[in-house]
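J.: Residue numbers (my numbering), protein chains in the order written: chain A, 1 to 160; chain B, 161 to 320. For each residue, glycine too, the CB sits at the ideal point set by N, CA and C. Keep in mind it's a predicted model, so treat the numbers as computed, not measured. The structure under discussion is supplied below as structure tokens; questions concerning it will follow.
Number of protein chains: 2
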Amino acid sequence: MPTELRRPERTFSIRQLCTEFKATPRALRFYEDKGLLTPARDGMNRVYSYKDRARLILILRGKRVGLSLQEIREILELYGEEDEVMVQNAHSLKKFREKIVDLEQQREDIDGAISELRTACERLEKHLADKRPDLLPKAADYDQMLRARLDGHAEPVAAK
Amino acid sequence: MPTELRRPERTFSIRQLCTEFKATPRALRFYEDKGLLTPARDGMNRVYSYKDRARLILILRGKRVGLSLQEIREILELYGEEDEVMVQNAHSLKKFREKIVDLEQQREDIDGAISELRTACERLEKHLADKRPDLLPKAADYDQMLRARLDGHAEPVAAK
DNA sequence: GCGAGCCTTGACGTTGACGTAAAGGGCATA
DNA sequence: TATGCCCTTTACGTCAACGTCAAGGCTCGC
């Protein structure tokens with residue numbers, strides 16, 4: 001086989017995906033149990049396709065925004081059946097619309113929480129600066145941490 | 161007593177707060193157990209002050225953005241002790257900063273999720289328009305629903 | 001041929017955030 | 001005085017989302 005087995009038909013082992021996304025095998029199997037993933041098999045072993053990987057990305061992001069696995073599954077199912085016996089999909093549509101409203105609400109909540117945390121931080125900082133200036137951490141550290149996180153995250157986690 | 165016992169010193173029963181914020185008595189007692197609320201007592205009964213109510217609002221919002229009760233408690237504690245024996249608060253500061261980064265990440269996730277859900281909705285709508293136009297819900301309904309939610313929400317839930 | 005290291009399938013344990021049922025007290029209205 | 005309705009505490013149950021063994025199979029390298 002030639003060296004070019006790059007993007008298109010690549011497959012992944014469970015461990016590859018796990019280290020790539022900082023998940024655990026147990027979690028991936030659990031998602032499979034719940035019908036969110038259905039990787040192929042090579043004998044006994046799971047073989048994940050690029051599509052599976054894409055689904056996993058969606059799953060993880062869904063989780064981060066607070067969707068239940070159940071909700072995530074419903075969304076994912078939409079991207080497959082496309083033209084199945086869908087009569088009750090009017091129901092799905094309604095639920096999705098509601099979820100959008102929820103998420104917009106959540107966005108506001110987050111903005112609020114962020115500004116509150118910022119305030120709390122400022123107060124703490126001032127307090128510390130007054131009484132225990134020795135304990136003040138370097139601001140630069142956080143700049144660095146922030147940058148580090150903003151690169152990686154949902155997209156492949158720095159697979160070293 | 162005069163009819164004006166409005167804003168300042170008002171107190172609330174557990175049920176009042178529950179119906180106002182769509183919580184359950186069990187939940188409020190649970191928060192108390194965990195040290196997030198400490199309402200006064202009238203004999204055996206809990207009496208919530210305006211400050212307690214404010215804390216409750218923060219608790220509920222914290223929950224909506226995915227904070228654990230533990231984390232929420234730490235934030236709330238900051239708004240009271242102000243100048244206690246705080247040496248390890250440098251640690252809190254660090255944790256809050258990290259949480260801010262988390263939340264900013266989460267905001268991005270939500271934006272992504274929203275646009276994905278919108279796409280999903282559009283596809284579903286088109287599909288339905290094609291095959292089962294009879295099932296299409298009226299768009300106006302959602303305008304209404306959206307408005308209804310954007311008024312109420314974290315602030316008092318329409319206490320009818 | 002055998003240990004290391006990957007994988008598999010059960011099956012039970014855990015944690016957080018409550019739900020739910022039991023047993024009782026306090027006040028009001030019929 | 002009895003019937004509700006609200007409150008209380010104590011205690012056990014539940015649900016999601018895994019974690020954590022246990023027991024076993026494949027395959028590589030030596």
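#1: Going along the chain, which residues of its own chain have a beta-carbon closer than 7 Å to the beta-carbon of residue 12 of chain A, five neighbours each way excluded?
#2: Provide the residue(s) that pair with residue 200 of chain B in DSSP beta bridges, ordered along the chain.
#3: Among B/189, B/235, B/271, B/290, which one has its Cα closest to the Cα of residue 115 of chain A?
#4: Starting from the beta carbon of residue 109 of chain A, find every residue of chain B whose beta carbon is closer than 8 Å, and list them in chain order.
#5: Taking Cβ positions only, does residue 57 of chain A come closer than 7 Å to chain B?
#6: Residue 12 of chain A bridges to which residues according to DSSP?
#7: In whole angstroms, what is the alpha-carbon distance linking residue 231 of chain B and residue 93 of chain A?
#8: Would you call residue 199 of chain B buried or exposed, if buried means 16 or more other Cβ atoms sit within 10 Å of its Cβ?
#9: Excluding five sequence neighbours on each side, which residues of the same chain lie with their C-beta closer than 7 Å to the C-beta of residue 68 of chain A?
#10: Can you name the residues of chain A whose CB is closer than 7 Å to the CB of residue 196 of chain B?
#11: I'd like the span of the alpha helix (DSSP H) that includes residue 188 of chain B, first residue to last.
#12: Since residue 53 of chain A meets chain B, which of its residues come closer than 8 Å, beta carbon to beta carbon?
#13: Given that a residue counts as buried once 16 or more other Cβ atoms are within 10 Å of its Cβ, and exposed if not, what is residue 269 of chain B?
#14: If we count the other Cβ atoms within 10 Å of its Cβ and call it buried at 16 or more, is residue 191 of chain B buried or exposed?
#15: Closer than 8 Å by beta-carbon distance: list the chain A residues that pair up with residue 266 of chain B, in chain order.
#16: Going by Cα to Cα distance, which pick from A/98, A/78, A/123, A/128 is closest to residue 284 of chain B?
#17: Hey, residue 14 of chain A and residue 28 of chain A are a contact pair by Cβ (cut 8 Å); roughly how many whole angstroms apart?
#18: Chain A partners of residue 256 of chain B, CB-CB under 8 Å?
#19: Measure from the C-beta of residue 69 of chain A to each C-beta in chain B and report whether the shortest distance is under 7 Å.
T.: So, from the data block:
#1: Position 12 of the first sequence, counted from the first residue, corresponds to residue 12 of chain A. Correct list, in chain order: 48, 53.
#2: Within the second sequence, numbered from 1, the residue matching residue 200 of chain B stands at position 40. Paired residues: B/207.
#3: Stepping through the first sequence from its first residue, residue 115 of chain A is reached at position 115. Nearest of B/189, B/235, B/271, B/290 to residue 115 of chain A, Cα basis: B/235.
#4: If you number the first sequence from 1, residue 109 of chain A lands on position 109. Ordered by position in chain B, the residues that pass the 8 Å Cβ test against residue 109 of chain A are 221, 224, 225, 314.
#5: Counting from 1 along the first sequence, the entry for residue 57 of chain A is found at position 57. Not an interface residue.
#6: Along the first sequence, read from residue 1 onward, the residue named residue 12 of chain A stands at position 12. In the DSSP output, where bridge partners are listed per residue, residue 12 of chain A has A/48.
#7: Position 71 of the second sequence, counting from 1, holds the residue named residue 231 of chain B. Position 93 of the first sequence, counting from 1, holds the residue named residue 93 of chain A. Cα to Cα, residue 231 of chain B sits roughly 35 Å from residue 93 of chain A.
#8: Locating residue 199 of chain B in the second sequence gives position 39, where the first residue counts as 1. Looking at its Cβ environment, which holds 16 or more other Cβ atoms inside 10 Å, residue 199 of chain B is buried.
#9: Indexing the first sequence from 1 puts residue 68 of chain A at position 68. Cβ within range, chain order: n/a, list empty.
#10: On the second sequence, residue 196 of chain B is found 36 positions in, with the first residue counted as 1. Here the premise fails: no neighbours, minimum Cβ distance about 15 Å.
#11: The count along the second sequence starts at 1 and reaches residue 188 of chain B at position 28. Looking at the DSSP string, the run of the alpha helix (DSSP H) that includes residue 188 of chain B is 185-193.
#12: The residue labelled residue 53 of chain A in the question sits at position 53 within the first sequence. Within chain B, no residue comes near residue 53 of chain A; the closest Cβ sits about 16 Å away, beyond 8 Å.
#13: Counting from 1 along the second sequence, the entry for residue 269 of chain B is found at position 109. That one is buried.
#14: Stepping through the second sequence from its first residue, residue 191 of chain B is reached at position 31. Looking at its Cβ environment, which holds 16 or more other Cβ atoms inside 10 Å, residue 191 of chain B is buried.
#15: Taking the second sequence and counting its residues from 1, one reaches residue 266 of chain B at position 106. Simply 64, 65, 110.
#16: Along the second sequence, one-based indexing puts residue 284 of chain B at 124. Here the closest residue by C-alpha is A/78.
#17: Here residue 14 of chain A refers to the residue found at position 14 when the first sequence is read from its first residue. Here residue 28 of chain A refers to the residue found at position 28 when the first sequence is read from its first residue. 6 Å between Cβ atoms; contact.
#18: Taking the first residue of the second sequence as position 1, residue 256 of chain B is located at position 96. Ordered by position in chain A, the residues that pass the 8 Å Cβ test against residue 256 of chain B are 117, 120, 121, 124.
#19: Within the first sequence, the letter at position 69 stands for residue 69 of chain A. No, residue 69 of chain A lies away from the interface with chain B (no Cβ there is under 7 Å from its Cβ).
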